[in-house]
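Presented below is the structure to which this report refers.
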Amino acid sequence: MRVILTGGGTGGHVLPNMAIWHEVKRKHPRAEVFYIGQSGDTIEARLCAHYGIPFCGIQAGKLRRYVDVKNIVDAFRVPVGMFQALRVLRRERPDFVFAKGGYVSVPVVIAAHMLGIPIYLHESDVTPGLANKICARFAKKVFVSFEETRQYFAGEVQVVGNPVRKEIFHGNKEKGYAFTGLQKNRPVLLVLGGSTGAVALNKIIEHNLSKLLEHTQIVHVMGPGKSFKQRPRHTGYVAFEYLQDELPHVYAIADFVISRAGSGTIFETLVWNKPMLLVPLPAEGSRGDQIENAQAFVARGWAGMIEQEKTSAAEFAYIIKDFLSDQKALDAMKVAQKKTGVRFARESVEKIAIALA
């Protein structure tokens, strides 16, 4: 079996591909898996180097929904990337292409379609991004994370959840406490901004840090380049720009999670059956996908939600305090997750791998 994976730009487009790579190799040890992503120092290039996956970089033009002079330059990058992808696909002759979204996937999918190579697509969010809307017309099958997403795609659609890397399942509490230096006898709040971080969420935590530390210890994953100019020094507070191999151990010691609502992060949290309070990226700074993801989790009883644009910094402290202290609500959330969510999230990657076999 020969497989091409593609997708890039953020962890949400790349990390699920790492899960697919691992599962394909587990089921088919002799399978050859290659990755086509955007050239340069990109998250997909770094992760492929970390996991030892052969990587080929191509040019890709960002697909913007707004007027920008960069659209002119990027319009020329798409056909260049397509010809580069054609060259790679002809050389590697894959049995299929698995596309995870992000603008780099568009030239790869078009090239695969031109060569008659089967294309499988996965959409993480409730509503599809522009790249996946374009790619879907060429796909043999579309996998989605939410039942609500079916309506956006014609043809064969399978609801599978969002693929989570298997190493996320295997956190160790002792390693988590040793890594963070936190105490075992106090609760731990894990704050996650996603693979690219969240400046606004970081500021909310900074503004309310003293009040929050009265009730809990905090592990704060801020995002690459998003750390405070003067990092607060408080007992019971530890901050990191990014976690890779250590993240499962940090999940293991967390009692609750506050995070953005990117599909990758919230499905990882669901795997761990942790109560979560979601602060989705506001609509004015996105296409509203995180808001819809958060609403879907809230509707299932898997999470609570705060609307950032409607909440002052002072109000956040009270909302978070109430969230942390309402044990009945936290227990109900864990029960709902365990009943309908945890197994669904854990089995996602296996369902996809079976369908691809």
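Final position of the sequence shown in the numbering used here is 1334; the numbers increase by one with none missing. C-beta atoms are modelled at their ideal positions from N, C-alpha and C, and glycine is treated no differently. Quick caveat, the model's predicted, so the values are computed rather than measured.
| query | result |
| --- | --- |
| Residue nearest to Leu-1254 in terms of C-alpha spacing, selected from Ala-1216, Arg-1163, Gln-1272 | Gln-1272 |
| Buried/exposed call for Met-1199, threshold 16 Cβ in 10 Å | buried |
| Simplified DSSP state of Ser-1240, which is helix, strand or coil | helix |
| Simplified DSSP assignment, three categories, for Tyr-1080 | coil |
| CA-to-CA distance, Glu-1223 to Ile-1230, given in whole angstroms | 12 Å |
| Same chain, Cβ closer than 7 Å to Glu-1125, neighbours up to 5 away in sequence not counted | Val-1103, Ala-1273 |
| Within 7 Å, strictly: CB atoms of Arg-1163 and Gln-1194 | yes |
| Straight-line Cα distance separating Leu-1166 from Val-1319 | 20 Å |
| Residue range of the unbroken alpha helix (DSSP H) whose run includes Ala-1271 | 1266-1276 |
| Contact set for Tyr-1219: own chain, Cβ-Cβ below 6 Å, skip 5 residues either direction | Pro-1201 |
| Run of the alpha helix (DSSP H) containing His-1226, from where it starts to where it stops | 1224-1230 |
| Distance between beta carbons of Ile-997 and Ile-1268, contact taken as under 8 Å | No, Ile-1268 and Ile-997 are not in contact; Cβ-Cβ is about 27 Å, not under 8 Å. |
| Residue environment, His-1197, which counts as buried when at least 16 other CB atoms sit within 10 Å | buried |
| Stretch pair the region 1005-1022 + the region 1104-1114: three plus CB contacts closer than 8 Å | no |
| 6 Å Cβ shell around Ala-1116 - same chain, five flanking residues per side excluded | Ile-1096, Leu-1098 |
| Cβ-Cβ distance between Val-1055 and Pro-1031 below 7 Å | no |
| Anticipated Cβ contact below 8 Å, His-1226 with Gly-1153, distance rounded | 4 Å |
| Three-way DSSP call (helix, strand, coil) for Gly-984 in this model | coil |
| Spatial distance of Phe-1293 from Asn-1185 (CA atoms) | 8 Å |
| With 16 other Cβ atoms within 10 Å as the buried cut-off, status of Arg-1070 | exposed |
| Residue(s) in a DSSP beta bridge with Ala-1216 | His-1197 |
| Residue range of the alpha helix (DSSP H) that includes Pro-1034 | First, the amino acid is wrong: residue 1034 is Gly here, not Pro. Premise fails: Gly-1034 lies in the beta strand (DSSP E), 1032-1035, not in any alpha helix (DSSP H). |
| Integer Cβ distance of Pro-1257 from Asn-1270, believed to fall under 8 Å | 7 Å |
| Coil, strand or helix - Leu-1092 by DSSP | coil |
| Nearest to Leu-1189 (by Cα), restricted to the options His-990, Tyr-1214, Ala-1177, Lys-1311 | Tyr-1214 |
| Residue of Gln-1304, Lys-1251, Ala-1306 minimising C-alpha distance to Gln-1314 | Lys-1251 |
| Cβ-Cβ separation, Ser-1082 to Glu-1100 (assumed contact under 8 Å), whole Å | At roughly 11 Å, the Cβ-Cβ gap does not stay under 8 Å, so Glu-1100 and Ser-1082 are not in contact. |
| Through-space distance from Gly-986 to Asp-1018, alpha-carbon basis | 11 Å |
| Which of helix, strand or coil DSSP assigns to Val-1137 | coil |
| Segments of 3+ residues assigned as beta strand (DSSP E) that fall wholly inside the region 1098-1154 | 1118-1121, 1134-1136 |
| Ile-1013 - partner residues in DSSP beta bridges | Thr-983, Cys-1033 |
| C-alpha gap between Val-980 and Gly-1170, whole angstroms | 31 Å |
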